[in-house]
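Asks: For the record, in the sequence shown the residue sitting at position 99 is 98 according to numbering that gives the first Met the number 0, with numbers rising by one throughout. We put the beta carbon where it would ideally sit given N, CA and C, even for glycine.
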Amino acid sequence: MKSLAWLTFLIPWFTFSSSRGDDQTTTPALQRIREVISSGEQEVRVVCFGDSVTGLYYHSGGRRAYPELIGESLAARHPVSKVTVINAGKSGHTTTNGLGRIQQDVLVHHPHLVTVMFGLNDVAKGNIDLYRKNLVEILSKCRAAGAEVILCTPNAVSETEARPVAKVAAFAEIARSVAREWKVPLADVHTSLETLRTEDPEAWRLSMSDEIHPNLRGHRRLAESILENIEGTEVSLSDSEPVPDPLAFTVERLKRNLPVKVLAMPPFDTFASASLSALHAGAQVSTTNWPVEGLDRRLLMKDAAKRVRPLAPNLVIVSIPRSAGASDTEEFIRTQMWIASNSLAYGKREWDVLVVHPDVFEGRGSETDRTNDARIRTIVPAQDLPLLDRLPEDNRPAEEILRDWIARHAGM
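1) Measure how close the beta-carbons of Glu361 and Pro312 come, nearest whole angstrom, since I'm counting them as under 8 angstroms.
2) Closest to Gly231 by C-alpha separation, out of Arg76, Arg389, Gly54, would be which residue?
3) Could you tell me which residues DSSP puts in a beta bridge with Asn313?
4) When the Cα atoms are used, what is the spatial distance from Gly93 to Asp50?
5) Any idea what DSSP makes of Glu147, helix, strand or coil?
6) Decide yes or no for the touch test of the segment 220 to 240 against the segment 145 to 157: beta carbon pairs closer than 8 angstroms, at least 3 of them.
7) Between the alpha carbons of Asn86 and Asp358, how many angstroms are there, rounded?
8) By the 10 Å Cβ neighbour count, where 16 or more other Cβ atoms means buried, how is Asn394 classified, buried or exposed?
9) Straight-line CA distance for Ala409 to Thr249?
10) Is the number of C-beta pairs between the segment 59 to 73 and the segment 210 to 222 that are closer than 8 angstroms three or more?
11) Would you mind listing the beta strand (DSSP E) stretches within the segment 96 to 131 that are 3+ residues and don't spill past its ends, in chain order?
12) Please list, in chain order, all residues of the same chain as Asn371 whose beta carbon is under 6 angstroms from its beta carbon, the five residues on each side excluded.
13) Considering only C-alpha positions, which residue in the set Arg389, Val259, Ser342, Gly118 is nearest to Gly465?
14) Please name the residue in Val113, Gly99, Lys347, Thr328 whose C-alpha comes closest to that of Gly61.
15) Can you check whether the CB of Ala271 is closer than 7 angstroms to the CB of Ala263?
16) Judging by CA-CA distance, which residue of Cys141, Gly145, Arg376, Thr95 is the nearest neighbour of Val122?
17) Would you check if the distance between the CB atom of Glu147 and the CB atom of Leu112 is smaller than 7 angstroms?
18) On the DSSP bridge list, what partners appear for Ala186?
19) Where does Glu292 sit, in a helix, a strand or coil, going by DSSP?
20) By DSSP, does Thr159 sit in helix, in strand, or in coil?
21) Which of helix, strand or coil does DSSP assign to Ser285?
22) So, helix, strand or coil for Arg44, using DSSP?
23) Once you ignore the five residues that flank Val177 on each side, which residues in its own chain have a CB closer than 8 angstroms to its CB?
24) Could you name the residues of the same chain whose beta carbon sits closer than 6 angstroms to that of Val354, not counting the 5 residues immediately before and after it, in chain order?
25) Apply the 10 Å Cβ neighbour rule to Trp181 and answer buried if 16 or more other Cβ atoms are within range, or exposed otherwise.
26) What distance in whole Å lies between the Cβ atoms of Val82 and Val43, which are believed to be in contact at a cut-off of 8 angstroms?
27) Would DSSP call Asp388 helix, strand or coil?
28) Answer yes or no: do Arg252 and Val259 have a C-beta to C-beta separation smaller than 7 angstroms?
29) What residue range does the beta strand (DSSP E) around Ile85 cover?
30) So, is Asp268 buried or exposed, given that buried needs 16 or more other C-beta atoms within 10 angstroms?
31) Can you tell me which of Ala186, Glu160, Ala161 puts its alpha carbon nearest to the alpha carbon of Glu172?
32) Going by the CB atoms, is the gap between Ala381 and Asn126 shorter than 7 angstroms?
33) How many Å lie between His356 and Arg389 at the Cα?
34) For Val404 and Ala282, I'd like the C-alpha separation in whole angstroms.
35) What residues in its chain sit with their C-beta under 7 angstroms from that of Asp368, if we drop five residues either side in the sequence?
36) Along the chain, where does the alpha helix (DSSP H) that runs through Lys166 open and close?
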């Protein structure tokens, strides 16, 4: 098989034991993979196998989830490496679903390494004994095909009827026990996020898109746990990196002389077209108003769910006024995240979304506004979305701030 091309000479120590043993974080196979990544002597193929937490969906911004972050980190840390990371996550899938597609979605790629993260849907739809049995079968199939496995616990969640916290914890313990018994490297993402929840509840909340799905900030914690197994050392990923190419879809259409559809909340609905048209002679830009007057955050969240995806715009500008209040901190966080999440395509990113801080179009907030104003600056990057903000010394009108931001990021 292709995956064994650079492993055949090391088969004597590339052993996969199914006997019980102590926790083992580095196997001979993983050590060899680590060496090849570092040296760049051969390609290394990694498949990340799982459910919607693994796949590319709006929860993490539709552009990157932990598999993509793993690929970015390995490329940055090992510039000579030849690592290909394949995302094999599918929404709603259990380990039973995974076994049904493991050949066509995982083994067909002849991977050297497979990360396996299932459990949240098994908690809701399956039983714990079947979960254990399926994990062992997935592990056995991967190793029989010549791939090493990093087994991941399901991530920690908030309490829901379908996924009680205690039940998710029990399934996580099953993953740990399988890793111990089969001497498989373990990425304990459940413990990582549970520890964050205990030590800093708001940081935990701001790392979750909803009750069960991490946002990009949470995905960095997942990626760190897996990377520490691959690298054999502690890994820390920055939460403050800028969003790359925030106008990629819009600019591509402008360059190809295709019409650009903008959906914008006030006041940006009145001047977004002009700001974009200035980039390209003959640009065809139309802007649709997204009305917000008289709507609170809960209504805006529901409106976003109905309005944006059917329109399939090329650029969405989200500017939630402070007057669209929230009853408490949780409602503010949830609605801020979900108005933006509902402005994205369901799966992979299909259009651009720009979130505007109220400082830009309403000026500095009052003393009572400052806590939530600060939360916006944490929430938006955690969704892998750009935030248009006003610097303290900047007194320009919103129209000029938008125009300059577009010109700076368009690259035209």
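Replies: With the given structure in hand:
1) Incorrect: roughly 24 angstroms between the Cβ atoms, too far for contact.
2) The alpha carbon of Gly231 has as its nearest neighbour, out of Arg76, Arg389, Gly54, the alpha carbon of Arg76.
3) Paired residue(s): none; Asn313 is not in a bridge.
4) Gly is not the amino acid found at residue 93; the sequence shown has Thr there. The straight-line gap separating the alpha-carbon atoms of Thr93 and Asp50 is approximately 7 angstroms.
5) Three-state result, Glu147: strand.
6) Yes, the segment 220 to 240 touches the segment 145 to 157.
7) Straight-line spacing of the CA atoms in Asn86 and Asp358 works out to 38 angstroms.
8) Asn394 comes out exposed.
9) Taking the straight line from one Cα to the other gives about 9 angstroms.
10) Output reads yes: the segment 210 to 222 touches the segment 59 to 73.
11) Fully enclosed beta strand (DSSP E) runs of 3 or longer: 112 to 116.
12) Closer than 6 angstroms at Cβ, skipping near neighbours: Phe331.
13) No information on residue 465 is available, as it lies outside the stretch 0 to 411 that the chain covers here.
14) Of Val113, Gly99, Lys347, Thr328, the residue nearest in Cα terms is Lys347.
15) Their beta carbons are under 7 angstroms apart, which means Ala263 touches Ala271 by this criterion.
16) When only C-alpha atoms are compared, the closest one is Thr95.
17) A Cβ-Cβ contact shorter than 7 angstroms links Glu147 with Leu112.
18) The beta-bridge partner set that DSSP reports for Ala186 consists of Cys151.
19) In this structure, Glu292 counts as coil in the three-state DSSP scheme.
20) Under the three-state reduction of DSSP, Thr159 is assigned to coil, being neither helix nor strand.
21) Note: Ser285 maps to strand in three-state DSSP.
22) If DSSP states are grouped into helix, strand and coil, Arg44 belongs with the strands.
23) Cβ neighbours of Val177 beyond the five flanking positions: Arg131, Leu134, Val135, Leu138, Leu150, Val183.
24) Apart from sequence neighbours up to five positions away, the residues of its chain that approach Val354 with a beta-carbon distance below 6 angstroms are Val317, Ala339, Val379, Leu384, Leu386, ordered along the chain.
25) Buried is the call here.
26) Val43 to Val82, Cβ: 5 angstroms. Contact.
27) It is coil, neither helix nor strand.
28) Between Arg252 and Val259, the gap from beta carbon to beta carbon is short of 7 angstroms.
29) Residues 81 to 88.
30) It counts as buried.
31) Glu172 has its Cα closest to that of Ala186, out of Ala186, Glu160, Ala161.
32) Going by beta carbons, Asn126 and Ala381 fall outside the 7 angstroms limit.
33) For His356 and Arg389, the distance between alpha carbons rounds to 8 angstroms.
34) It should be noted that the sequence gives Trp, not Val, for residue 404. Trp404 and Ala282: Cα-Cα distance of roughly 18 angstroms.
35) Here the set comprises Arg321.
36) Start and end: 164 to 181.
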